[in-house]
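Q: Let me begin by handing over the structure; questions about it come next.
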Amino acid sequence: MQNSAENDERVMTLVRAALRLPAAERAEFLRVACVDSAEIRSEVAGIVEWEDRMGDFLREPLIDLVELEEPGTPQPFFQPGESVSDRFVILREVGQGGMGIVYEAFDRKRNRRIAIKCAKAGFGRLLAPELEGALRVRHPNICLVNDTHTATTEAGSIDFLTMEFIEGETLSVRLARQDRLAAEEAMEVARQLCAGLAAAHHSGILHRDLKPTNIILSKQEDGRVRAVITDFGLAAELQVASDLDGGTPRYMAPELWNGEKPSKASDVYALGVILHEMVTGQPPRSVQERGNNAVTQLNSLNNEQDKRWNEVILPCLDPDPAMRPQADEVLAVFERQSWLRSPMAAVTVLALLVGAAALWQPIANVFKPADIRLAVLPIQALPDLREMGSGIVQDVVERIQRSQRNGATLVVIPPSEAARNNVNDPRDARIVLHATHALQIELRRNGDRVTADESLIDLATEAHLRDFQGQYAATTWGNIPTALTGAVTSSLRLRQTEAESISPAATLSYDRGLSLLHEDRYTKVEAVAYFEEAARLDPRSPLPLAGLAEAHIGNFKLTKQPAELEMARKAVQAAQALNPDSVTVRLASGALNEVTGQSEKALEDYRRVQELEPRNVEAYIRTGRTYEAVNMPDNALQNYQKAIALQPEYYEAYEWLGTYYYYAGKYTEAAEQFQKAIDRAPGRSNAYFNLGAVLDDLNRDDEAVAALQKSLQLKKTARALNSLGAILAYQGKDKEAADFYEQAVELEPGNYKYRLNVADSYRRLGRRSQSLAQYREGMKYVLGELRQNPRLGPTRAFLGYFKSRLDDQSGAEEEITEALTLAPGDSNVMRFAILVHEALGQRKLALDAANAAPKELLIELKRHPDLADLSRDSRYLQLLSAKNGG
Amino acid sequence: MAADIEIKVRLKTINGVEHAVPDLPGPGVMMKGKTVRYSNDDKLPVTIVFVTADGNLNGPSPFGEPRVSDQETHTLIHAGQFLCGCRLMKGTQTIGWMPGDKDSPSGGVHDVGPH
């Protein structure tokens, strides 16, 4: 007989459990849970009913309830499109629970989609236990909690968590749909769940509410299932007593019903119930009957395969918590799944389960020959650097050993082994150590700096796969192992396991820089100072340097000043010296290669990012952009579509896809994509500008003006002013148009497009000398851009146009021909081909060019003030009619 | 019309990249006043652009034109050494020299003697 205090505790446990259930399920739950005591059942039912009427008064602290109900208190909900903490863009609300709200967001700093979880008003304190535990657990089968943050809102400061965003369905949804999992999948999911739970238990963390709704089944890049345990909302550190009781009745171990505290064993019991449901489609009989009866056999057994599950699952369901296996013991069984399939091996499995699981070794790999045997040769360094060098090489060896390689094995032969065998050069490494690759490292003093040289050699061909050199001041010596490892992982396509990081001191500046970098094309100038400051505060992190490079590249695109590119180059080189295989550094390197016309190298950078982070949307967007630049539109389209598929609620890929359609002359499709970008990020000026520009080309002037004015309301930009000017110019109002164009030129003097437009308006207004001056100035900037990247087809088309207006006929023809070769499908190139030939009085060539253009472009050009004569030409009208289908 | 000199431009893959490589004759073959024709064995359209040493368009041309094709026979009107870039059209794809390319296999020197 339990005493009064124990009874009270049991009653309150049951009350909390019942209140978590839907109202319709509570009676049945209490019938089962209180099968031994009608008195307790009646008491619990009474409290639950009273709780319902009082609106959870007892369950939550009074002060919080008052705050929640106070009239006028704003709810701290974030809005889609809102930027939080200068870093996270809210994409959508995913769902609300009793206490918290979950949003899908985009983390600009890490360029990835994440989940944000914050407490509803009045529930802030309830997140604390989750943080204490979950932040300590890092495992692929546990939903990764990145960090805690604080945002300032109208409702005051809000603490929130950022977590990995996982796409997929819960195990409960899956089981509701298909009753049970197929044997192979069940085995894999079980193994992963055990792995995740074992990792949590090793960290001293209990889940306390493990159940199918807290398990997400998603897909890995290779199509294999990934099972992730989520929601540590009820988790608490083992060592810390907590008042939060947890658990969902069906998965609650028998001892919890008697008021005992949750334990690792109670988590294992829940795991057992889940595995039982996965395999049989039903809960174990003990759960159905609710009592302390032992489960002796899984339900619905009908073949040998199921029977072998008995050996694994039944011990987990033992009524005595002391008799249940540890999670890692269960894991050891699943790690040997091929043994599990064999009836003969079942006995061995059981033995392992109860005893020797810790001795398990990955036997499957022991006898498989390594695909790469990398011999790290003894370091070459003068005596004063030898000791430091040995430490560095040992660190490099360990880092390479920790790196991962898909589908192949890697053996690293350390320098001590090479020295023991008197191996000091690559040839001996091949002959004596049977190595496939050799790594030579040399350290030299260079004034107050240390120079590290590294060569990675393919011993079959003796080709140097990578020759890396970096120079390091005393403040960055610590980076040498990272950098040398990065050069190896990059060349051998290994995955480093270390996350990129930046010191807390530099984080604020870095985050501000990132926010400005992503805000729009005009804010990159401001970003430079923040990245420089972050680089000063954390000279060991390559992240600020990569950001600095991206900012300078953005500034170059805006100003066309070669000095910006030079600074970008230096920043990329400095970042590469710290870690050449960092995702962020590869993205910056790719951007630099893109803007300097080294498209193949850019693609190599972006492909590497995709290897390292297969879900990195930015890499796909940039790959698409690069394919566009090399006139491979189908590949570009595929990459944009992939980016959208990865993050359908993120605006940026829609903007790029819209731009792709725009330059393909598909204005309707472009407008559709730009509208989608606006829907997802309504606060961005650029989104409205894009829409306005394409609506203008669709001759929807009123809508275009409205969109552009909205863009200007959000931010006064040269591009929006220029587009408004273009609308007026098409309406024959060159005087008014020139006013807008002049403002655009004033804001962005290096933009040759705006200079071209203002020059055109001046010419039509008869202001010849002003017009010629603007054409000359515009051409100067075009030539500057082409010096950096001579392969830009559309830029060559602009050059052709400038030359035609400056009476250089042969130069104009040559540039247009070249532009059509480099970018034959680009609508701007086609537009200028028509304009140039018409300006040169070459009507037939103009018509030939028009023949290759899409009908949307021809419709738009009908209104172009310089093509009035052409658009009345019967051949042009016939062409248009033919493109319209007759 | 047959030309004095036939120059084949071949599609070759070098280090994984396709190039348009011309079989340019050595010194003493191309002379001012002779005619030249370019072609490709697979009938891919050929374009020859004359380029500057730093990889820009509009370099000096022995024909007086910055760009010639396989459509016609061309007469050498200037003597000297002329750097060219070669291109083949494979479907809609242009293969070969691109602006900025220096020392590309898709090109070479037209060494034209005075007589």
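Chains as they are written, first to last, in my numbering: chain A, 538 to 1423; chain B, -17 to 97.
Just so it is clear, CB atoms sit at the ideal spot from N, CA and C, and this is done for glycine as well.
#1: Are B/Gly78 and B/Ile59 close, meaning C-beta to C-beta below 7 Å?
#2: Name the two residues that bound the continuous alpha helix (DSSP H) containing A/Pro963.
#3: Starting from the Cα of A/Thr1044, find the closest Cα among A/Pro1079, A/Leu1095, A/Ala1010 and A/Thr1022 and give me that residue.
#4: Closer than 7 Å, CB to CB, is B/Met13 near chain A or not?
#5: In three-state terms, what does DSSP make of A/Cys655?
#6: Considering only residues of the same chain and omitting the five flanking positions on each side of A/Glu641, which have a CB-CB separation below 7 Å?
#7: Alpha carbon to alpha carbon, what distance is there between A/Ile916 and A/Ser927?
#8: Do A/Tyr1199 and A/Val1231 have their CB atoms nearer than 7 Å?
#9: Answer yes or no: does any C-beta atom of chain A fall closer than 7 Å to that of B/Thr34?
#10: Which stretch, first to last residue, makes up the alpha helix (DSSP H) that contains A/Gly749?
#11: Kindly list the residues whose CB is nearer than 6 Å to the CB of A/Gln1033, restricted to its own chain and excluding five residues on each side of it in sequence; keep chain order.
#12: Say the cut is 6 Å; is the CB of A/His1374 nearer than that to a heavy atom of the ligand GDP?
#13: When you compare each of A/Ser1298, A/Ala966, A/Leu730 and A/Val816 to A/Tyr1278 by their alpha carbons, which one comes out closest?
#14: For B/Gly37, which residues in chain A fall below 9 Å Cβ to Cβ?
#15: Can you tell me the Cα-Cα spacing of A/Glu606 and A/Gly583, whole angstroms?
#16: Please state whether DSSP places A/Tyr640 in a helix, a strand or coil.
#17: Using the Cα positions of A/Ala1281 and A/Glu1165, report the straight-line distance between them to the nearest angstrom.
#18: Would you tell me roughly how many angstroms separate the C-alpha atoms of B/Phe32 and B/Leu6, rounded to the nearest one?
#19: Please go through the same chain and pick out, in chain order, the residues whose beta-carbon is closer than 6 Å to the beta-carbon of A/Thr988, but skip the five residues on each side of it.
#20: Is the CB-CB distance between A/Asn1116 and A/Ala1020 below 7 Å?
#21: From which residue to which residue does the alpha helix (DSSP H) around B/Phe32 run?
#22: Using 10 angstroms around the beta-carbon of A/Asn994, count the other beta-carbons present and answer buried if the total reaches 16, otherwise exposed.
#23: Can you tell me whether DSSP reads A/Ala790 as helix, strand or coil?
#24: In the DSSP assignment, find the unbroken beta strand (DSSP E) run with A/Arg986 in it and report its ends.
#25: Would you kindly work out how many angstroms separate the C-alpha atoms of A/Gln1147 and A/Leu1174, rounded to a whole number?
#26: What does A/Gly1134 touch in chain B if you count any residue whose Cβ is under 9 Å from its own?
#27: State the DSSP-derived secondary structure class of A/Ala764, mapped to helix, strand or coil.
#28: Which two residues bound the contiguous alpha helix (DSSP H) that contains A/Val949?
#29: Once DSSP output is grouped into helix, strand and coil, what is the label at A/Arg1152?
#30: Look at the Cβ atom of A/Pro1076, then the Cβ atom of A/Phe1068, and state whether they are nearer than 7 Å.
#31: Are the beta-carbon atoms of A/Tyr1267 and A/Ala1244 separated by less than 7 Å?
#32: At a CB-CB cut-off below 9 Å, which residues of chain B make contact with A/Pro1361?
#33: Using only CA atoms, which one of A/Ser1038, A/Ser1260, A/Glu1283 and A/Glu1063 lies nearest to A/Asp684?
#34: Using 7 Å as the threshold, is the C-beta distance between A/Phe566 and A/Leu558 below it?
#35: Determine the DSSP secondary structure at A/Gln1006, reduced to helix, strand or coil.
#36: Suppose contacts are defined by Cβ-Cβ distances below 7 Å. Is B/Pro48 in contact with B/Asn40 by that definition?
A: Let's see:
#1: On the second sequence, position 96 is the one that residue 78 of chain B refers to. On the second sequence, position 77 is the one that residue 59 of chain B refers to. B/Ile59 sits away from B/Gly78, with the two beta carbons spaced by 7 Å or more.
#2: Walking along the first sequence from the start, residue 963 of chain A turns up at place 426. According to the DSSP assignment, A/Pro963 belongs to the alpha helix (DSSP H) that extends over Pro963 to Leu970.
#3: Along the first sequence, one-based indexing puts residue 1044 of chain A at 507. For A/Thr1044, the closest of A/Pro1079, A/Leu1095, A/Ala1010 and A/Thr1022 by C-alpha to C-alpha distance is A/Pro1079.
#4: Locating residue 13 of chain B in the second sequence gives position 31, counting from the first residue. No, B/Met13 lies away from the interface with chain A (no Cβ there is under 7 Å from its Cβ).
#5: Position 118 of the first sequence, counting from 1, holds the residue named residue 655 of chain A. Correct three-state label for A/Cys655: strand.
#6: Locating residue 641 of chain A in the first sequence gives position 104, where the first residue counts as 1. Correct list, in chain order: Leu628, Arg629, Val631, Arg650, Ala652, Phe702 and Glu1186.
#7: Counting from 1 along the first sequence, the entry for residue 927 of chain A is found at position 390. Counting from 1 along the first sequence, the entry for residue 916 of chain A is found at position 379. Cα to Cα, A/Ser927 sits roughly 7 Å from A/Ile916.
#8: If you number the first sequence from 1, residue 1199 of chain A lands on position 662. If you number the first sequence from 1, residue 1231 of chain A lands on position 694. Closer than 7 Å, so yes.
#9: Locating residue 34 of chain B in the second sequence gives position 52, counting from the first residue. Not an interface residue.
#10: Counting from one through the first sequence, the residue named residue 749 of chain A turns up at place 212. Checking the sequence, you will find Pro at residue 749 of chain A rather than Gly. No alpha helix (DSSP H) holds A/Pro749; DSSP gives it neither H nor E.
#11: Taking the first residue of the first sequence as position 1, residue 1033 of chain A is located at position 496. Cβ within range, chain order: Ser940 and Thr1026.
#12: In the structure shown, the ligand GDP is absent, as is every other ligand, since no ligand is present at all.
#13: Position 741 of the first sequence, counting from 1, holds the residue named residue 1278 of chain A. Distance check between A/Tyr1278 and each of A/Ser1298, A/Ala966, A/Leu730 and A/Val816 places A/Ser1298 closest, using alpha-carbon atoms only.
#14: The sequence position of residue 37 of chain B within the second sequence is 55, counting from 1. The contacting residues are Pro1327.
#15: Locating residue 606 of chain A in the first sequence gives position 69, where the first residue counts as 1. Locating residue 583 of chain A in the first sequence gives position 46, where the first residue counts as 1. Since pLDDT at A/Glu606 reaches only 36, below the 50 mark, its modelled position is unreliable, and the value read off the structure follows with that caveat. Spanning the two alpha carbons is a distance of roughly 26 Å.
#16: In the first sequence, the residue the question calls residue 640 of chain A occupies position 103. Secondary structure of A/Tyr640 (DSSP, three-state): strand.
#17: The residue labelled residue 1281 of chain A in the question sits at position 744 within the first sequence. The residue labelled residue 1165 of chain A in the question sits at position 628 within the first sequence. Their backbone Cα atoms lie some 27 Å apart in a straight line.
#18: The sequence position of residue 32 of chain B within the second sequence is 50, counting from 1. The sequence position of residue 6 of chain B within the second sequence is 24, counting from 1. Distance between the alpha carbons of B/Phe32 and B/Leu6 is about 14 Å.
#19: Looking up residue 988 of chain A in the first sequence gives position 451. The residues are Arg981 and Gln1008.
#20: As a position in the first sequence, residue 1116 of chain A is number 579, starting the count at 1. As a position in the first sequence, residue 1020 of chain A is number 483, starting the count at 1. Result yes, Cβ atoms of A/Asn1116 and A/Ala1020 sit closer than 7 Å.
#21: Residue numbering aside, residue 32 of chain B sits at position 50 when the second sequence is read from its first letter. Not the alpha helix (DSSP H): B/Phe32 falls in the beta strand (DSSP E), residues Val28 to Phe32.
#22: Locating residue 994 of chain A in the first sequence gives position 457, counting from the first residue. The question names Asn, yet the displayed sequence has Ile at residue 994 of chain A. Burial call: buried.
#23: Start at 1 with the first residue of the first sequence, and residue 790 of chain A comes out as number 253. Note: A/Ala790 maps to coil in three-state DSSP.
#24: By one-based count along the first sequence, residue 986 of chain A stands at place 449. Segment Arg986 to Asp995, the beta strand (DSSP E) holding A/Arg986.
#25: Here residue 1147 of chain A is taken as the residue at index 610 of the first sequence, counted from 1. Here residue 1174 of chain A is taken as the residue at index 637 of the first sequence, counted from 1. Computed Cα separation, rounded: 17 Å.
#26: Position 597 of the first sequence, counting from 1, holds the residue named residue 1134 of chain A. Within 9 Å Cβ-Cβ: Met80, Pro81 and Gly82.
#27: Counting from 1 along the first sequence, the entry for residue 764 of chain A is found at position 227. Look at A/Ala764 here: in three-state DSSP terms it is strand.
#28: What you label residue 949 of chain A is simply residue 412 of the first sequence in a count that begins at 1. Membership of A/Val949 in any alpha helix (DSSP H) is not indicated; the residue belongs instead to the beta strand (DSSP E) covering Leu947 to Ile950.
#29: Numbered from 1 along the first sequence, position 615 holds the residue referred to as residue 1152 of chain A. DSSP, read as helix, strand or coil, puts A/Arg1152 in coil.
#30: To locate residue 1076 of chain A, count along the first sequence from 1; it is residue 539. To locate residue 1068 of chain A, count along the first sequence from 1; it is residue 531. Against a cut-off of 7 Å, the Cβ pair of A/Phe1068 and A/Pro1076 comes out as no contact.
#31: If you number the first sequence from 1, residue 1267 of chain A lands on position 730. If you number the first sequence from 1, residue 1244 of chain A lands on position 707. It is not a contact, given that the beta carbons lie outside the stated cut-off.
#32: Translated into the one-based positions of the first sequence, residue 1361 of chain A becomes position 824. Correct list: Thr74 and Thr76.
#33: Mapped onto the first sequence, residue 684 of chain A falls at position 147. Per the C-alpha coordinates, the member of A/Ser1038, A/Ser1260, A/Glu1283 and A/Glu1063 positioned closest to A/Asp684 is A/Ser1038.
#34: Here residue 566 of chain A corresponds to residue number 29 of the first sequence, with the count starting at 1. Here residue 558 of chain A corresponds to residue number 21 of the first sequence, with the count starting at 1. Inclusion of A/Phe566 and A/Leu558 in the CB contact set at 7 Å is warranted, their separation being smaller than that value.
#35: Translated into the one-based positions of the first sequence, residue 1006 of chain A becomes position 469. Collapsing the DSSP output to three states places A/Gln1006 in a strand.
#36: Residue numbering aside, residue 48 of chain B sits at position 66 when the second sequence is read from its first letter. Residue numbering aside, residue 40 of chain B sits at position 58 when the second sequence is read from its first letter. When the beta-carbon positions are compared, B/Pro48 and B/Asn40 come within less than 7 Å of each other.
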